[in-house]
Amino acid sequence: MTVVIEHIPDQAEPTPVALTAADGTPLGALRFAAAGTPRGRIVVSGATAVPQGFYRRFARFAAARGYDVLTFDYRGIGLSAPPTLRGYHAEMLDWGRLDLPAAIDRMASPDLPLYVVGHSYGGHAPGLLPSPEQVAGFYIFGTGAGWHGHMPPAERLKVLAMWHVGFPVLTRWKGYCPWKLLGLGEDLPVGVYRQWRRWCRFPRYFFDDPTMRGIERGYAAVRAPMAFVNALDDRWAPPRSREAFIAAYRNAPIERHDIDPRALGAPIGHMGYFRPTAEPLWRQALDWIEAQARSAASARGA
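Taken in order, the sequence shown gives residues 12 to 313; the numbers are from the working numbering.
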């Protein structure tokens, strides 16, 4: 495979967008206008503790190809963070049930199909949406069940130390999870941290949590096409971790793509899906989206 990095033409700066979740929580977002006549719209649903700025290059790439793109931060991080996280209440479930829906509502249009491009947690969120039928398709990078047992042995030990030693101590000290202190991403509200830590104890994430019975019904309600892309060197979300989670999307047409990083000539890991060397993966994502649009138009007789 020959990797070709496309030149992304200069574009106007993205437009700040103020979103409001259904519970009144303000969220910060950026909108990247399509070059020329828009062919569709994309909402980028990011990973845990990853600010929306990390997805800016992908958003520009998709905008250059004719898509209106919205990036946003979940409550508690990035442009949606309060002045201090100490005493701030937010849960991980809020991100999928309240925050992503606010972004989708802003971008939904009767004239253009809407797609979600997700990363890690962005693949958990579709089954939490109150109205998943608003989305024509989901293309997800690096999603998995989060359980240490799916990870390679060395990573497994690091993760167990993180959950059972490092972050419990640091979180009690700070009053929030100081993810940034160790260079791992944005700091997290304590409620988000506690849910995430609990669910990562289970092989099938919250589907195995006895306190979350019934949550699988939302995942069965997703019927739009889905594609899940996992790198073979993704230590947090290898393909077997993906399989443990996405079985819940039992009524959605699903494609699986396992990516060998040697094909890109660069490591991918859990974060490399959105680094500049991954532009060929972005091209494949947009090709998939365009194929879904053509298929839907053909089914309508357009």
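Heads up, the beta-carbon is just placed ideally off N, CA and C, and yes, glycines get one too.
Looking at the DSSP output, Y150 shares a beta bridge with V128, A238. Pairing P25 with M103, the inter-Cα distance amounts to about 27 Å.
For R286, the three-state secondary structure derived from DSSP is coil. Its Cα nearest to that of R246, the residue P272 stands out among A259, I257, A232, P272. In the DSSP assignment, the residues bridged to R52 are D79, L125. Contact annotation: the region 99-113 does not touch the region 72-80, with fewer than three C-beta pairs closer than 8 Å. Cβ atoms of L96 and A40 stay farther apart than 8 Å, at about 20 Å.
Under the three-state reduction of DSSP output, T182 falls in the helix class. DSSP places V28 in the uninterrupted beta strand (DSSP E) bounded by 26-31. V176 sits exposed, since fewer than 16 C-beta atoms from the chains shown fall within 10 Å of its C-beta. Beyond the five residues adjoining it in sequence on each side, G47 comes within less than 7 Å, by CB distance, of G77 in the same chain, given in chain order. Measuring C-alpha to C-alpha distances from H130 to each of P164, W293, Q145, P264 identifies W293 as the nearest. Under the rule that a run must span 4 or more residues, the alpha helix (DSSP H) segments found entirely inside the region 207-269 read 227-231, 250-257. In its chain, beyond the 5 residues on either side, H130, S131, Y132 have a beta carbon closer than 6 Å to the beta carbon of A58. In the structure shown, G177 adopts helical secondary structure according to DSSP, grouped into three states.
If the five residues before and after Y230 are omitted, its C-beta is found closer than 6 Å to the C-beta atoms of G138, A259, Y260, all from its own chain and listed in chain order.
According to DSSP, residue pairing for F43 in a beta bridge involves V80. For the 8 Å CB-CB criterion, L30 and F65 do not form a contact. Burial check for S91: the Cβ neighbour count within 10 Å reaches 16 or more, so the residue is buried.
Under the criterion of beta carbons closer than 8 Å, P200 and Y99 qualify as touching, at roughly 5 Å. About 25 Å separates the beta carbons of F239 and G89, which is beyond the 8 Å limit, so they are not a contact pair.
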